[in-house]
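Asks:
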Amino acid sequence: MTQETSPRSLVRDAAALAGFLVLCFAISGLGAWVTSTSVDTWYQTLNKPSFNPPAWVFAPVWTTLYIFMAIAGWLVWRKVGFGQARQAFVCYFLQLALNLVWSFLFFGAQSPGAAFIEVLVFLIAIIMTATHFSRFDRIATLLFAPYIAWVAFASVLNGTIWYLNG
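Throughout the sequence shown, residue numbering follows the working numbering, covering 1 to 166 in sequence.
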């Protein structure tokens, strides 16, 4: 049995994947908590564009995206570790932080304008993460593609809501 497939290695890999999942879902949980403070009140009063998805779409989309983020981070970590992918993981953790900040700005502070500016920076951080991940793992990069698409769409949605309610 090689060291790479030893029981100790498998346990380490599983624990690391669990860690990435816990981290991503902790961010998700905090964001959901902040969102819940005004999604059924203030958000309902906003003018929204015709392309605003129904409320039931958001939970499954974000759940899938957080799973993809966790797996992508884990794949890069598993391949090269944190040390060799330092810039990639700086971007990874930055985009997670910006993900959470958006919820605080949009739903917590009820500020679509500030959230719109932030989501553009957030989108850049996601693209930078995917670009860095592409140097190490193709699948990790592909797992970020739906995230980029969704946050690009969310940016347009956020900007339109800000415009309609300016």
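Note that CB positions come from ideal geometry on N, CA and C, so glycine has one too.
Because the structure is a prediction, the values reported are computed rather than measured.
(1) Tyrosine 147: which of Ala26, Ala70, Arg8, Leu23 sits nearest, CA to CA?
(2) For the alpha helix (DSSP H) that contains lysine 79, what are its first and last residues?
(3) Quick one, which of Ser111, Val76, Leu142, Ile124 has its alpha-carbon nearest tyrosine 163's?
(4) For tyrosine 66, I'd like the list of residues in its chain whose CB is within less than 7 Å of its CB, leaving aside the five on either flank, ordered along the chain.
(5) State buried or exposed for phenylalanine 144, treating a residue as buried only when at least 16 other CB atoms are found within 10 Å of its CB.
(6) Report yes if the C-beta distance between phenylalanine 107 and threonine 63 is below 8 Å; otherwise report no.
(7) Would leucine 157 and proline 49 be called neighbours here (beta carbons separated by less than 8 Å)?
(8) For leucine 96, which residues from the same chain have a beta carbon less than 6 Å from its beta carbon, with the 5 sequence-adjacent residues on both sides left out?
(9) Are there 16 or more other CB atoms within 10 angstroms of the CB of leucine 75, so buried, or fewer, so exposed?
(10) Just the Cα atoms here: how many angstroms apart are threonine 2 and tyrosine 92?
(11) Please list the segments of the alpha helix (DSSP H) lying wholly inside the segment 137-166, counting only runs of 4 or more residues, in order along the chain.
(12) Could you give the first and the last residue of the continuous alpha helix (DSSP H) run that contains valine 22?
(13) For the alpha helix (DSSP H) holding valine 121, just list the boundary residues, first then last.
(14) Please classify isoleucine 139 as buried or exposed, where buried requires at least 16 other C-beta atoms within 10 Å of its C-beta.
Replies: To lay it out plainly:
(1) Comparing Cα positions, the closest option is Ala70.
(2) Residues 55-84.
(3) In this structure, Ser111 is the residue among Ser111, Val76, Leu142, Ile124 with its C-alpha nearest to the C-alpha of tyrosine 163.
(4) Closer than 7 Å at the Cβ level, and outside the excluded window around tyrosine 66, lie Cys24, Phe25, Ser28.
(5) It counts as buried.
(6) No, Cβ-Cβ distance for phenylalanine 107 and threonine 63 is not below 8 Å.
(7) The Cβ-Cβ distance between leucine 157 and proline 49 falls below 8 Å.
(8) Closer than 6 Å at Cβ, skipping near neighbours: Ile27.
(9) By the 10 Å Cβ count, leucine 75 comes out buried.
(10) Note that threonine 2 scores 47 on pLDDT, short of 50, meaning its location in the model is unreliable and no value can be drawn from it.
(11) When DSSP assignments are scanned along the segment 137-166, the uninterrupted stretches of alpha helix (DSSP H) that are 4 or more residues long and fall wholly within it turn out to be 138-164.
(12) Note, valine 22: alpha helix (DSSP H), 7-36.
(13) For valine 121, the enclosing alpha helix (DSSP H) begins and ends at 112-133.
(14) Per the 10 Å Cβ criterion, exposed.
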